Each structure stands twice: as structure tokens, then as C-alpha cells.
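Numbering (the numbering used here), first residue to last: 146 to 279.
What follows is the structure in C-alpha cells.
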């Protein structure tokens, strides 16, 4: 199995490993694929930077990029919640999660693995059982 472990900067938490066994990784990847933001196979996707997504336009102003990122964040959240059966972690709201995703999407050097890590912190992804209660 190919897992990529990312070492944290001192004082930061360890990022989740990029793995097909982690629902945050697979759901983030498949959602980005569905939304036509990336086209790479799963194994190659963890290192793709936000500035490589199709929504990213280097000629756009930061305000325009933020608008596009917010739209993409809302679309991702809708897919996670309405289609993939994810739930918010305790204390997380649609507004906080979409704002957080949009903020990460506007940082051109962040990667798909960073996005999956953020999503892992904000959502409980469906695993086939109904044991998680909010």
C-alpha cells in the first residue's frame, strides 16, 4: 500500500496519511474529480496544489479567487453531506466548514492532502454504520 506520511512542523499536529483506507482522503479525491478540479489518479493526487485546480486562475484577483473558492467549498460540502452521507463533527456548522475550506483553497501552496486533513477534522464520513451521533 502506498501511504504518504507528512511530517509536521514543530508544534503542528501530524497530518493524516494519504490512504485509500481513509474516507477523508477518498471522499475528498473523488469529490474533486467529480467537480472537475483534478484529473489525476488517487495515488498521485495528494501532492497536487490548490493553484493547479481548474478553478484557479493566476490572472484573477484575490477577491475573485475567494469567490470561486467559496463556491467550490459549498459544492464540496453539499456533496459530502447530501450525497456521501457525511455529518459535521460536533460544534462544526456549514458556515464554519465552508469558510475554512474556502480559506485553504485560496492558499495556492496547500495540497489535496492538506484539504483532506481539514475535511477529516470537520466531517465524520460515512463508513457503513450509523454509530456516530451528533
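In this text, a Cβ means the ideal position worked out from N, Cα and C, and glycines have one as well. Since we're looking at a predicted model, the values are computed, not measured.
Where residue i falls: helix, strand or coil (DSSP)
i: residue 232; result: strand
i: residue 174; result: helix
i: residue 194; result: strand
i: residue 199; result: coil
i: residue 243; result: helix
i: residue 251; result: coil
i: residue 216; result: helix
Between the CA atoms of residue j and residue i - distance to the nearest angstrom
i: residue 211; j: residue 218; result: 10 Å
i: residue 260; j: residue 204; result: 23 Å
i: residue 208; j: residue 252; result: 13 Å
i: residue 263; j: residue 193; result: 15 Å
i: residue 245; j: residue 266; result: 11 Å
i: residue 178; j: residue 257; result: 11 Å
i: residue 167; j: residue 202; result: 30 Å
i: residue 270; j: residue 206; result: 34 Å
i: residue 181; j: residue 190; result: 13 Å
i: residue 183; j: residue 175; result: 9 Å
i: residue 186; j: residue 249; result: 22 Å
i: residue 216; j: residue 239; result: 13 Å
i: residue 220; j: residue 268; result: 15 Å
i: residue 165; j: residue 231; result: 17 Å
For residue j and residue i, believed in contact at Cβ under 8 Å, the rounded distance
i: residue 247; j: residue 214; result: 4 Å
i: residue 225; j: residue 172; result: 7 Å
i: residue 241; j: residue 222; result: In fact, because the Cβ distance is near 11 Å, the residues do not count as touching under 8 Å.
Where residue i falls, given that 16 or more other Cβ within 10 Å makes a residue buried
i: residue 188; result: exposed
i: residue 228; result: exposed
i: residue 161; result: buried
i: residue 254; result: exposed
Assess contact between the segment 229-248 and the segment 191-203, defined as three or more Cβ pairs (one per stretch) separated by less than 8 Å. Is contact present?
no
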